[in-house]
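Asks:
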Amino acid sequence: MNSNFQEKLAQLILDEISERLKKREYLKEVLKKFLEFPPEKVAEEFLSEFEKLLTGNLKEEIINRLKLMYLREIQPQVKENIIAEESINIENEAIVSTIPSETTEPGEIVKEELTEVIDEKSDKTEPIDIIEPIKEPVVTSDIPKEREEITKESIESVIEVEELKEKPSVYFKREKKTEIAISENDWLYLYGFSYAPNSEGKGYPSIELPIKGVDDKNVVFGLDYGDVRLYLSKIQFEKFVIAKTGEHILSPKEAISLRYNHSCILNQIRTNEILVPLEFWTIKMGREKIVRTIEERYLNFLHSLIDIHDAIDWDVEVSVLDNEFMKLLSDSAKTSETRDYSRHPKVQRMEVKQFEKVLFKEKEIAQKVNLTLTKVANKIKVDYIITLESSFLDGWKPILSARYVVGKEKRKAFYQSIFDLQSEFNKFKVMISVNSPKVHFKF
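All residue numbers for the sequence shown refer to numbering that gives the first Met the number 0, where the first residue is 0 and numbers rise by one.
As structure tokens, this is what we get:
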């Protein structure tokens with residue numbers, strides 16, 4: 000594509016952006032906060048930030064999205080106009096891709112000519128890749144050798160890991176437009192945020208997911224503002240304690256249950272979206288406060304989305320409740336031939352063999368999680384894995400803490416694996432928490 004034609008297309012894009020900006024009514028409300036400054040200075044600052052975004056990784060994200068849209072909705076008339084403008088021979092210059100046509104007989108192939116995509120970083124052009132083969136990453140394990148010897152029981156317990164296959168999220172496949180309304184007195188629980196595809200961006204609920212919120216009552220829904228989609232649900236406080244300051248706080252027992260639900264919901268959303276998670280127990284009252292926060296810190300939201308999109312290091316912590324394992328692995332906790340495994344004096348003493356059975360199961364789960372995630376990781380580092388000398392706790396107890404380096408091409412399979420593991424060990428209430436060491440966002 001010659002330079003003159005590139006300039007014409009670039010000018011068309013600028014004109015289109017200008018026209019669309021004028022039609023965005025909510026931008027006028029945002030710009031009212033800058034009335035005390037000279038208009039030219041305000042415009043210059045906004046353009047400066049816009050240029051920074053485009054020189055970063057957001058540009059690649061936009062290009063990838065446009066490629067997908069282009070492949071899904073190829074417009075023959077637009078292609079003919081471009082070819083006529085350039086006066087280029089189709090046979091020599093167009094990129095030919097063989098795509099099966101819906102109107103042809105089986106076995107028949109129709110050749111579609113796809114125009115080239117401008118690479119903004121150079122004057123060269125790159126063809127659109129219809130199918131990009133994914134290279135299998137080389138797994139290099141940094142797991143330290145355990146000091147204890149492998150017991151006969153653990154040797155006999157063979158852990159099989161099935162080949163991982165990517166599949167679409169069952170939750171987002173059933174997403175629907177929502178009619179949820181938020182009043183100013185509604186309390187809302189916030190989970191995290193992602194890019195908002197096809198968003199109107201007006202700060203109102205957009206989609207509804209078939210996922211129950213942390214209270215197991217209200218559904219999770221999305222609220223879109225600009226290019227940001229916030230995931231949240233309504234929450235009721237009949238069972239929660241209200242402090243003198245009016246702040247809603249959790250008792251230790253309530254926190255145990257809700258923390259597990261919070262982690263499960265994040266892993267469900269991650270099966271479809273690259274998510275910036277929010278801290279546990281992030282709650283806000285009313286829609287206006289939430290929209291105002293996004294509005295005031297909009298660039299921070301976008302920068303966090305860019306950072307999470309580029310992240311390849313993922314910290315995974317797997318935690319369990321010893322009491323849940325005791326209930327499932329025994330009819331009752333016996334007290335004969337007992338030994339105190341607790342760090343807390345009030346915890347019941349139990350039979351040695353019974354608790355060892357719990358430890359064996361917890362260790363088996365930790366190994367299964369690590370082996371499964373290792374399959375999609377380029378490199379791993381295990382900081383901690385449970386041993387048979389572990390103590391009994393009456394709260395969340397970590398059984399695995401590790402960092403996994405995962406290439407972007409394997410990220411979806413990585414999150415899908417976490418969700419599958421969570422579902423597999425659901426009866427044991429195994430909590431799998433995932434975070435990026437470089438992305439921390441406080442709402």
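Backbone N, C-alpha and C define an ideal beta-carbon position, used for all residues, glycine too.
Relative to the alpha-carbon of Phe33, which residue among Arg23, Asp14, Glu44 has its alpha-carbon at the smallest distance?
Replies: Glu44
Asks: Between the alpha carbons of Glu59 and Lys22, how many angstroms are there, rounded?
Replies: 26 Å
Asks: Ignore the nearest five residues each way along the sequence and tell me which others in Leu189's own chain have a CB closer than 8 Å to its CB.
Replies: Leu229, Tyr230, Leu231, Leu277, Thr281, Ile282, Lys283, Ile289, Phe442
Asks: Fully enclosed by the segment 373–420, which beta strand (DSSP E) runs are 3 residues long or longer?
Replies: 378–384, 395–404
Asks: In three-state terms, what does DSSP make of Ile61?
Replies: If DSSP states are grouped into helix, strand and coil, Ile61 belongs with the helices.
Asks: Can Gly212 and Ile179 be called in contact, C-beta distance under 8 Å?
Replies: no
Asks: Decide if Arg269 is buried, meaning its Cβ has at least 16 other Cβ atoms within 10 Å, or exposed.
Replies: Around the beta carbon of Arg269, a 10 Å sphere encloses 16 or more other beta carbons of the protein chains shown; the residue is thus reported as buried.
Asks: Check for me: the beta strand (DSSP E) holding Lys32 runs from which residue to which?
Replies: Note, Lys32: premise wrong, no beta strand (DSSP E); not H, not E.
Asks: Just to confirm, is the Cβ distance from Ile417 to Val438 under 8 Å?
Replies: no
Asks: From Leu13 to Leu52, what does the alpha carbon distance come to, in whole angstroms?
Replies: 16 Å
Asks: Mapping the DSSP letters down to three states, classify Val438 as helix, strand or coil.
Replies: coil
Asks: Is the distance from the Cβ of Val315 to the Cβ of Gly191 below 8 Å?
Replies: no
Asks: For Lys457, which of Ser182, Trp186, Leu208 has the nearest alpha-carbon?
Replies: The chain is shown only over 0 to 442; residue 457 falls outside these bounds and no answer can be derived.
Asks: Between the alpha carbons of Glu388 and Phe427, how many angstroms are there, rounded?
Replies: 20 Å
Asks: Put Thr124 into one of helix, strand or coil per three-state DSSP.
Replies: At Thr124 the pLDDT is 44, less than 50, meaning the model places this residue with poor confidence and gives no usable figure here.
Asks: Where does Leu274 fall in DSSP's three states?
Replies: Judged by DSSP in its simplified three-state form, Leu274 adopts coil rather than helix or strand.
Asks: Under the assumption that Val429 contacts Val317 (Cβ atoms under 8 Å), give the Cβ distance between them as a whole number of angstroms.
Replies: The distance from the Cβ of Val429 to that of Val317 is about 6 Å, consistent with a contact at the 8 Å cut-off.
Asks: Mind checking who Ile206 pairs with in its DSSP beta bridge?
Replies: Lys176, Gly221
Asks: Between the C-alpha atoms of Ser193 and Ile273, what's the straight-line distance to the nearest angstrom?
Replies: Rounded to whole angstroms, the separation of the alpha carbons of Ile273 and Ser193 is 6 Å.
Asks: In or out: Ile385 buried (at least 16 other Cβ within 10 Å) or exposed?
Replies: buried
Asks: Going by the beta-carbon positions, is the gap between Val219 and Ile293 smaller than 8 Å?
Replies: no
Asks: Whose CA, out of Glu253, Tyr259, Glu15, lies closest to the CA of Phe236?
Replies: Glu253
Asks: Tell me whether the beta-carbon of Ser435 lies closer than 8 Å to the beta-carbon of Ile307.
Replies: yes
Asks: I'd like to know whether the C-beta atoms of Leu222 and Ser198 end up nearer to each other than 8 Å.
Replies: no
Asks: In three-state DSSP terms, what is Phe236?
Replies: coil
Asks: Quick check: the Cα distance between Ala42 and Glu35, rounded to an integer number of angstroms?
Replies: Distance between Ala42 and Glu35, taken at the CA atoms: about 13 Å.
Asks: Based on the DSSP secondary-structure assignment, which residues constitute the bridge partners of Trp313?
Replies: Tyr403
Asks: Can you list, in chain order, the residues of its chain with a C-beta nearer than 7 Å to that of Gln76? Leave out the 5 residues immediately preceding and following it.
Replies: Only weak support exists for where Gln76 lies, its pLDDT of 46 falling under 50; the value from the coordinates is given anyway. Excluding residues up to 5 positions away in sequence, nothing lies with its Cβ nearer than 7 Å to the Cβ of Gln76 in the same chain.
Asks: Would you list the one or two residues that DSSP bridges to Ile431?
Replies: Val317
Asks: Which whole runs of the alpha helix (DSSP H) in the segment 286–311 are 4 residues long or more, in chain order?
Replies: 286–295, 297–309
Asks: To which residues of the same chain is Lys326 closer than 6 Å at the C-beta, ignoring the five residues directly before and after it?
Replies: none
Asks: What residues are listed by DSSP as bridge partners for Ser193?
Replies: Arg228
Asks: Give the secondary structure of Phe45 by DSSP, where H, G and I count as helix, E and B as strand, and everything else as coil.
Replies: helix
Asks: For Pro196, which option in Leu65, Tyr383, Arg410 has the closest C-alpha, if you only look at C-alpha atoms?
Replies: Leu65
Asks: For Asn299, does the count of other Cβ atoms within 10 angstroms reach 16, so buried, or fall short, so exposed?
Replies: When all chains shown are included, Asn299 counts as exposed.
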